[in-house]
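Numbering (the working numbering), first residue to last: 345 to 498.
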């Protein structure tokens with residue numbers, strides 16, 4: 345483990361997982377075998393990071409579960425999100441629209457608000473924003489903005 349890592353004593357980091365600092369892991373978080381977290385990652389309380397997952401430049405808020413074999417770069421989740429296996433957020437520059445204001449060439453893979461559910465093998469294109477309570481089905485490719493409580497299926 346990198347010396348630039350803070351891991352709460354109640355967190356469980358599998359011996360085959362890697363933390364690349366700077367990284368913060370909060371209480372009761374679980375990072376499973378083969379996961380690589382960091383650099384620049386914050387893992388909230390009661391978060392589970394699945395086996396073989398890669399998180400870089402990521403903030404994962406409390407109560408979120410990330411399925412195995414996920415790759416998420418430049419990614420932010422709210423609280424209590426559920427993300428299926430094989431989820432992909434590649435990161436990269438995008439134009440982000442917030443309150444009718446356009447921010448050009450921002451490095452942001454995607455943002456999930458609180459209580460978002462994403463199915464397995466789903467993909468977020470750079471700059472995707474998903475509102476609270478939305479549901480994204482298995483294998484869906486999402487781009488731009490998804491409103492709160494929406495359901496997106498293939």
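Don't be surprised by glycine CBs; every beta carbon is placed ideally from N, CA and C.
For the candidate residues the options, whose alpha-carbon lies nearest to that of residue i?
i	options	result
residue 439	464, 466, 463, 487	487
residue 449	465, 389, 471, 485	471
residue 466	452, 483, 474	483
residue 464	414, 429, 433, 489	429
Which residues does DSSP pair with residue i in a beta bridge?
i	result
residue 493	Answer is none; residue 493 lacks a bridge partner.
residue 445	442
residue 402	385, 419
residue 408	Residue 408 is not bridged to any residue.
residue 368	350, 386
Would residue i be called buried (16 or more neighbouring beta carbons within 10 Å of its own) or exposed?
i	result
residue 478	buried
residue 495	exposed
residue 377	exposed
residue 423	buried
residue 418	buried
residue 459	buried
Quick one: measure Cβ to Cβ for residue i and residue j, integer angstroms, because I've assumed they're closer than 8 angstroms.
i	j	result
residue 410	residue 394	5 angstroms
Just curious, the beta strand (DSSP E) that residue i is in, first and last residue?
i	result
residue 472	472-474
residue 425	Residue 425 -> no beta strand (DSSP E), and no H or E assigned at all.
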